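What follows is one structure encoded as structure tokens, with my remarks underneath.
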Amino acid sequence: MPDATAVPDETAVPDETAVPDAGPELVDARLLVGEPDGLQRLWTPHRMVYIEGENKPSDDAAGPGCPFCRIPSLPDEEGLVVARGGVAFVALNLYPYNSGHLLVCPYRHVADYTDLTDEEVAEVATLTRTAMRVLREVSHPHGFNLGMNQGDVAGAGIAAHLHQHVVPRWNGDANFLPVIARTRALPELLADTRARLAAGWPTGPDDGGMIAP
Ligand SMILES: [Zn+2]
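Below, the structure is given as structure tokens:
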């Protein structure tokens, strides 16, 4: 069995059939099965849970079957919770369009914007505003998409529990990948994004009545 950790021998006679040497990784990779084709690979194992429908509720009921009901009961790190308010909370989207894609949700399991109380409307708005400020501070996006998809027909993934999307945008982030391959390239792991945004979230009196996580 070849030693995969061996350093290539610089003094060896070049092998005419060898793949051009692009460093130790490629030398090691040649010991494995496959033909180099010059294409880069994006490994996106998180997509598999999406494809398999994990976290997708089987019905419209409130409770543990609904991810937005379940998330607030989890520790912040586990639920990817960035901030908790009195009647609404902010969490990272497990299936982000971009790094830092946040969801602002009422704790109450309600589907329609017109079902929200005045207090919930106000806090969802305040948390959305703070989310934009924190993302600007932490990630320097060039713009945002804000919005709610109301109903399955409008593209709501989980229509039964209202959620406001806060999607930071950067120039050039909509490249061929999402358009052609329905794939997003995310340069940062969710846990790291959550930690950075939670650390940047204000806890003072001017933050819309937020309770520090
Ligand atoms: Zn719910």
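Just so you know, we're using full-length UniProt numbering here: the sequence shown kicks off at 1 and counts up by one.
No residue lacks a Cβ here, since even glycine has one placed at the ideal position from N, Cα and C.
Quantities reported herein were computed from a predicted structural model and do not represent experimental measurements.
Counting only runs of at least 3 residues, the UniProt domain "HIT" (67 to 176) fully encloses the following beta strand (DSSP E) elements, listed from N- to C-terminal order: 81 to 84, 88 to 92, 102 to 106, 143 to 147 and 164 to 169. Contact between Asp173 and Asn93 is absent: CB atoms are separated by about 15 Å, not below the 8 Å threshold. In this model, Pro67 and Pro106 are separated by some 12 Å (Cα to Cα). Secondary structure note for Leu190: its alpha helix (DSSP H) is the uninterrupted segment Leu190 to Gly200. The set of residues with a C-beta under 6 Å from any non-hydrogen atom of ligand 1 comprises Ala62, Cys66, Phe68, Cys69, His109 and His161, given in chain order.
Distances from the alpha-carbon of Val138 to those of Ser73, Asn149, Ala61 and Arg194 put Arg194 closest. With a beta-carbon spacing of about 14 Å, Pro187 and Arg169 fall beyond the 8 Å limit used to define contacts.
Counting only the Cα atoms, Asp60 lies some 22 Å from Leu80.
Phe144 sits close to Val167, with the two beta carbons spaced by under 8 Å.
By the C-beta density criterion, Val134 is buried, having at least 16 other C-beta atoms within 10 angstroms.
Put simply, of Glu77, Pro202 and His165 the residue whose alpha carbon is nearest the alpha carbon of Asp192 is Glu77.
With respect to the 8 Å criterion, Val82 and Ala198 are classified as neighbours on the basis of their beta carbons.
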